[in-house]
Amino acid sequence: MAEVISPMDIDDSNPSQGPNGNKGKAVASSGGAPPAHTKATPWVEKFRPQSLADVAAHRDIIDTIDRLTSENKMPHLLLYGPPGTGKTSTILAVARKLFGSQMHNMVLELNASDERGIDVVRQQIQDFASTQSFSFGYLFVSVHTFAKFISSFNHQQLVDLGMFVSAKSMVKLVLLDEADAMTKDAQFALRRVIERYTKNTRFALICNNVNKIIPALQSRCTRFRFAPLEPVHVTERLKHVITSEGLDVTEDGLAALVRLSNGDMRKSLNILQSTHMASQQITEEAVYLCTGNPLPKDIEQISYWLLNEPFTFSFQKISEMKATKGLALVDIVREVTMFVFKIKMPSDVRVHLINDLADIEYRLTFGCNDKLQLGSVISTFTRARSALVAAAK
1385 MAEVISPMDI DDSNPSQGPN GNKGKAVASS GGAPPAHTKA TPWVEKFRPQ SLADVAAHRD
1445 IIDTIDRLTS ENKMPHLLLY GPPGTGKTST ILAVARKLFG SQMHNMVLEL NASDERGIDV
1505 VRQQIQDFAS TQSFSFGYLF VSVHTFAKFI SSFNHQQLVD LGMFVSAKSM VKLVLLDEAD
1565 AMTKDAQFAL RRVIERYTKN TRFALICNNV NKIIPALQSR CTRFRFAPLE PVHVTERLKH
1625 VITSEGLDVT EDGLAALVRL SNGDMRKSLN ILQSTHMASQ QITEEAVYLC TGNPLPKDIE
1685 QISYWLLNEP FTFSFQKISE MKATKGLALV DIVREVTMFV FKIKMPSDVR VHLINDLADI
1745 EYRLTFGCND KLQLGSVIST FTRARSALVA AAK
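For the sequence shown, this note's numbering begins at 1385 and goes up steadily by one.
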């Protein structure tokens, strides 16, 4: 009987590359505990969920995908929604569940914002999708490696090893992150590749804006929308990180992290880590100081000036606060807009005020003069104040 060859002898692929030497990102990871991390590792990666059970929210979506993979019925997937809502973490957890330690052989991960042209579809993706892989119990090999391996064995030796009995074709996974950045030509080419290699390859597309994905691609995928995370889910995950890292976080500091994240888990972790690097105790003031956002008490003060003081006084005071605290006018306008929702006023006055503030925020994003736009903000509130006085009479 021939000597049994170890997995390292059979699998000659470079773990740092995708199969066939593709340029896809290395996504190798064990299916169990998270990999070791250094202190310099961003917490976004350090605390990325390693399994579907660890994903913070969207349990209905997670349970559906989990059931499909367990029953070996996984379709092509299109995961879309705002950043930081768990799309990439979910599909990576699916890959770990399906392939375990052989994930680097069975998954091709590409970021479509970097590699967005038709050549990527015709070369890397098609080359990867066109080769089949086989499973021998715990071992995965490509069809080319399999052919090279069996060339030195006769039929009886292979039967003795039990390989013919347990060999079965394995479905591979192509993960396309930021797929909405792909050109239209590349998307049409990808549609044809998906049709051609469905038998042995599944495709998972991830994007923020689903409207930029052509209908022909959307119709070939099962779509799941990842909405912004609820504050309770962000809070729960942040508490886990705080406990794991032994951080000193006050209640108002935690509330500030959740408020500024706006349902983006990645953003909340980045703010938490950067604030921890700047301050030993993470308080509300430390969080706002680190991010450059105006404090809620500053917004209340600015709103009071806008609603009660004359134009010149308001302009001078807001300008002084901007200079002293290093605030950006666009952040002030954004926070004041949110504060308007808390003020009691007629609905028609509120709508006009919010629309005017939205126009000012839009102009600021294109680099319009801060002083002119600050004058517009004050004038907008002056008109709203006049409307409130008229309504009161």
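Using N, Cα and C, we set each Cβ at its ideal position, and we do this for glycine too.
In this text the structure is predicted, and so the values were computed from the model without any measurement.
Among the residues of its own chain, which have a CB less than 6 angstroms from the CB of residue i, if the five just before and after it don't count?
i, result
"S1645", "V1618, K1651 and S1652"
"S1663", "A1670"
"T1474", "V1439"
"S1760", "I1744"
Tell me, please, whether the CB atom of residue i is closer than 8 angstroms to any CB atom in chain B?
i, result
"R1718", "Although the question refers to chain B, the structure presented lacks it and comprises just one protein chain."
I believe residue i touches residue j by the beta-carbon criterion, under 8 angstroms. Please report the beta-carbon distance rounded to the nearest angstrom.
i, j, result
"A1640", "V1671", "4 angstroms"
"R1609", "G1465", "5 angstroms"
"M1705", "L1713", "Actually they do not touch by this definition, with Cβ atoms about 11 angstroms apart."
"P1680", "D1715", "Wrong, their Cβ atoms sit about 12 angstroms apart, outside the cutoff."
"A1479", "L1557", "6 angstroms"
"I1762", "L1690", "6 angstroms"
"L1772", "V1733", "6 angstroms"
Between the alpha carbons of residue i and residue j, how many angstroms are there, rounded?
i, j, result
"K1457", "D1447", "14 angstroms"
"L1434", "P1612", "Sequence inspection shows Gln at residue 1434; the Leu mentioned does not correspond to that position. Near 20 angstroms, if we compare the C-alpha coordinates of P1612 and Q1434."
"P1426", "T1659", "13 angstroms"
"K1471", "A1600", "21 angstroms"
"Y1688", "V1439", "42 angstroms"
"Q1571", "V1577", "10 angstroms"
"R1718", "E1745", "7 angstroms"
"V1633", "T1667", "6 angstroms"
"R1747", "S1454", "50 angstroms"
"V1720", "N1753", "19 angstroms"
"R1443", "V1428", "20 angstroms"
"D1636", "L1758", "30 angstroms"
"E1684", "K1709", "15 angstroms"
"M1729", "T1749", "28 angstroms"
"L1462", "L1452", "14 angstroms"
"K1583", "I1445", "24 angstroms"
Exposed or buried, residue i, counting other C-beta atoms within 10 Å across all chains shown (16 or more means buried)?
i, result
"M1661", "exposed"
"A1776", "exposed"
"I1727", "exposed"
"E1579", "exposed"
"G1647", "buried"
"T1469", "buried"
"K1755", "exposed"
"F1725", "exposed"
"N1782", "Residue numbering for the chain in the displayed model covers 1385 to 1777; residue 1782 lies beyond these limits and cannot be assessed."
"V1549", "Low per-residue confidence applies at V1549: pLDDT is 37, beneath 50, and the placement is therefore not dependable, though the value from the model is reported in the following sentence. The residue in question, V1549, is exposed, as its Cβ has fewer than 16 Cβ neighbours within 10 Å."
"A1441", "buried"
"Q1791", "Examination of residue 1791 is not possible in this model, given that the chain is present from 1385 through 1777 alone."
Leaving aside the five residues before and after residue i along the sequence, list all residues of the same chain whose C-beta is less than 7 angstroms from its C-beta, in chain order.
i, result
"T1675", "L1644 and I1655"
"D1450", "L1436"
Please work out which residues of its chain come closer than 8 angstroms, Cβ to Cβ, to residue i, disregarding the five sequence neighbours upstream and downstream, and give them in chain order.
i, result
"I1598", "K1568, Q1571, F1572 and R1575"
"Q1602", "L1462 and V1594"
- prompt: For the region 1580-1590 against the region 1561-1569, are there 3 or more C-beta pairs whose distance is under 8 angstroms?
  reply: yes
- prompt: Using 8 angstroms as the Cβ pair cut-off and three pairs as the minimum, do the region 1598-1607 and the region 1621-1633 touch?
  reply: no
message: Whether or not the region 1626-1639 and the region 1592-1603 are in contact is what I'm after, with contact meaning three or more pairs of Cβ atoms, one per stretch, closer than 8 angstroms; do they touch?
response: no
message: Quick test of the definition: if touching needs 3 or more C-beta pairs under 8 angstroms, does the region 1754-1768 touch the region 1695-1702?
response: yes
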